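K.L.:
The letter at position 196 of the sequence shown is residue 184 when you use this note's numbering, and the numbering goes up by one with no holes. Built from N, CA and C at the ideal position, the CB exists for glycine as well. Since the model is a prediction, treat every value here as computed from it, not as a measurement.
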Amino acid sequence: MSPIEIGLISVAAIVFLIYAGVYIPVALGMVSFISIWLMRDNFTLALNLLKVAVGDSAMEYSFATIPLFTFMGLIVSKAGLGRDIYEVMTLRFRKVKGGIGMATVGANAVFAAVTGSSIASASVFTKVSVPQMIAQDYNPRFAVGVVAGSSVLGMIIPPSAMLIIYSFVSEQSVGDMFLAGVIPGIMLAIAYVGAIWVMGRYTPGFVGGRMVEDTEWMSGREIASKTLPTVFLITIVLGGIYTGWLTAVEAGAAGALVALIIALVRRSMSLRTFWDALLETGHITAAILFLITAASIYSRMLGMAGLPNQLQDLLAGSEASFWGIMILYILLMLFLGTLLDTASIILIVVPLFLPLVEALDMSLIWFGIVTVVGAEIGLLTPPLGISCFVIKSTLNDDSISLKDVFMGALPFAFVMLIILLILIQFPILSLALI
-11 MSPIEIGLIS VAAIVFLIYA GVYIPVALGM VSFISIWLMR DNFTLALNLL KVAVGDSAME
49 YSFATIPLFT FMGLIVSKAG LGRDIYEVMT LRFRKVKGGI GMATVGANAV FAAVTGSSIA
109 SASVFTKVSV PQMIAQDYNP RFAVGVVAGS SVLGMIIPPS AMLIIYSFVS EQSVGDMFLA
169 GVIPGIMLAI AYVGAIWVMG RYTPGFVGGR MVEDTEWMSG REIASKTLPT VFLITIVLGG
229 IYTGWLTAVE AGAAGALVAL IIALVRRSMS LRTFWDALLE TGHITAAILF LITAASIYSR
289 MLGMAGLPNQ LQDLLAGSEA SFWGIMILYI LLMLFLGTLL DTASIILIVV PLFLPLVEAL
349 DMSLIWFGIV TVVGAEIGLL TPPLGISCFV IKSTLNDDSI SLKDVFMGAL PFAFVMLIIL
409 LILIQFPILS LALI
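1. Could you tell me the distance, in whole angstroms, from the CA atom of M187 to the CA atom of L62?
2. Taking A41 as the reference, give the member of A401, H271, I(-8) and S287 with the closest Cα.
3. Buried or exposed, going by whether 16 or more other CB atoms sit within 10 Å of the CB of M47?
4. Do you know offhand how far I280's Cα is from R209's?
5. Which value, in whole angstroms, describes the spacing of the CA atoms of D385 and G137?
6. Which class does Y126 belong to by DSSP, given the choice of helix, strand or coil?
7. Using DSSP's beta-bridge definition, name the partner residues of G86.
8. Report back the beta-carbon spacing between S111 and V378 to the nearest angstrom; my notes put them in contact at under 8 angstroms.
9. Quick one: grab the DSSP three-state call for G196.
10. Could you tell me whether the Cβ atoms of G356 and L151 are closer together than 8 angstroms?
11. Keeping to the same chain, check which residues put their C-beta closer than 8 angstroms to that of G243; ignore five residues upstream and five downstream.
12. Given G70, which residues of its chain have a CB within under 6 angstroms of its CB, disregarding the five upstream and five downstream residues?
13. Give the range of the alpha helix (DSSP H) segment to which I422 is assigned.
14. Measuring straight from C-alpha to C-alpha, what distance separates L411 and S258?
15. Looking only at its chain, what residues have a beta carbon closer than 8 angstroms to the beta carbon of G228, apart from the 5 residues adjacent to it on each side?
16. Within the same chain, show all residues whose beta-carbon is closer than 7 angstroms to that of I144, passing over the 5 residues directly before and after it, in chain order.
17. Report the rounded CA-to-CA distance for W263 versus G89, giving the unit in angstroms.
18. Between the C-alpha atoms of M77 and R129, what's the straight-line distance to the nearest angstrom?
19. Expressed to the nearest angstrom, what Euclidean distance is found between the alpha-carbon atoms of V345 and I333?
20. May I ask which residues mark the beginning and end of the alpha helix (DSSP H) holding F220?
21. Please go through the same chain and pick out, in chain order, the residues whose beta-carbon is closer than 7 angstroms to the beta-carbon of A265, but skip the five residues on each side of it.
22. If you drop the 5 nearest sequence neighbours on each side, which residues of the same chain put their C-beta closer than 8 angstroms to that of V3?
23. Applying the 10 Å Cβ sphere with the 16-neighbour rule, what's the burial state of D164?
24. Have a look at F414, P399 and L340 and flag the residue whose alpha-carbon is nearest the alpha-carbon of A131.
25. Below 7 angstroms CB to CB, which residues in the same chain sit around P415 once its five sequence neighbours on both sides are set aside?
26. Where R189 and G86 are concerned, what is the direct C-alpha to C-alpha distance, given to the nearest angstrom?
27. Give the C-beta separation of V403 and A283 to the nearest angstrom, bearing in mind that I take them to be a contact with Cβ-Cβ under 8 angstroms.
28. Taking S375 and S106 to be in contact with their CB atoms under 8 angstroms, please state how far apart those CB atoms are, rounded to whole angstroms.
29. Write down every uninterrupted run of the alpha helix (DSSP H) in the region 271 to 357 whose length is 4 residues or greater and which is fully enclosed by it, in chain order.
30. Quick one: grab the DSSP three-state call for S138.
31. My guess is that L290 and P296 are in contact by the Cβ rule of under 8 angstroms, so how many angstroms apart are they, rounded?
32. Within a Cβ cutoff of 8 angstroms, which residues of the same chain sit near A183, ignoring the five residues on either side of it in sequence?
33. Would you mind sorting L37 into buried or exposed? The rule is 16 or more other CB atoms within 10 Å of its CB.
34. Quick one: what's got a C-beta closer than 8 angstroms to G196's C-beta in the same chain, skipping five residues either side?
35. So T114 packs on L390, CB below 8 angstroms; how close in whole Å?
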């Protein structure tokens, strides 16, 4: 077989193995290693490339952002900052139809800016928001749909684990990727709030709920105590990166330290909790390092097979337009999103399309935002919408089925698709802060 044929078969084999339940890095690394061995008929070369891939990943300075931001997110989550922001937001929106849904979106957006995890957001706000919404007669499908939809903000608003993974695959600056995610993340949050307002006005049966008139108003001191720690933490992290005072790694270190101080001051951090956060940080970091290492050898395998160049020649020969290429890319991500998680989509698709994007003289930073938003839609679509599964597993309510979660999340997936098309049409929205 020719290298092209081996490359095509290997990509299909990777998708099949992941869908069959094989651990993603194992599928990527094993198939890529065997493919290189077959293409070059040289076991030693394949082994050497594997060693280079491991060394490049582990020794990369910017990789330190992963454990630092992961630790910061875990500390923030355990310190209860998400619940505090939610309580303040709920008071602000209490007299609006669908107001608790809007408060959930706003709180999720703020929480995302200090955790960077859709899974953490889905878990926290399922426990905090859904019971309160159901108690106020909101439609259960709407309640879980709001949490599912807004939880994906954690993957686009920095610091985001998916933006970090993309930056390694595409060899872009982590700090630039973080800055590029700010405006699209805010746009998506505003679009969600707007969608909830429209649904509350024109489809009140789907939203349900009643306005609470007798809610006790918080004092200025109480509001400040609940919001200022989070605002200060966001200012340290994103402000430091934006002004250039801190690199992404330094911002992660500063954020982790500030989060730890906040948790200690609030007396929400015991020695046991601290140790659990350290252990969980290690587990997550090791998993992501394994992913990045596997993606590195996968990229080398694709380069040897010549698949990216072949794809570029194919699209050039068909005289495909810019929008034709982007629609093909979106459809591919949406299809894979029904089978794979976000990290898998990024690791499989991005190395194939990067040379084509560079040949078209498009920004790889902008392409990263488009990729993450497109792949995140898969978190809300069946059969493998991970956020929906997390919400269902976190709920203590058997009356809400997995189908209810998916149906509730569907309008928000549609809103994400609209925002994605806007980001493709106007790249400046992703690049304005860089």
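P.N.:
According to the data block:
1. 34 angstroms
2. S287
3. exposed
4. 45 angstroms
5. 19 angstroms
6. strand
7. In DSSP, G86 forms no bridge with anything.
8. 6 angstroms
9. strand
10. yes
11. L56, F57, M60, V102, P147, L221, I224 and V225
12. F99 and V112
13. Segment: none, I422 is in no alpha helix (DSSP H) and carries neither H nor E.
14. 43 angstroms
15. L234, E238, A239 and A242
16. G169, P172, G173, L176, V360, V361 and E364
17. 34 angstroms
18. 21 angstroms
19. 17 angstroms
20. G208 to I222
21. F59, L62, I63 and K66
22. L324, L327, L328 and I336
23. buried
24. P399
25. S351 and W354
26. 9 angstroms
27. Not confirmed; about 30 angstroms, so no contact.
28. 6 angstroms
29. 295 to 305, 310 to 325 and 330 to 347
30. helix
31. 6 angstroms
32. P399, F400 and V403
33. buried
34. D125, Y126, N127 and F130
35. At roughly 13 angstroms, the Cβ-Cβ gap does not stay under 8 angstroms, so T114 and L390 are not in contact.
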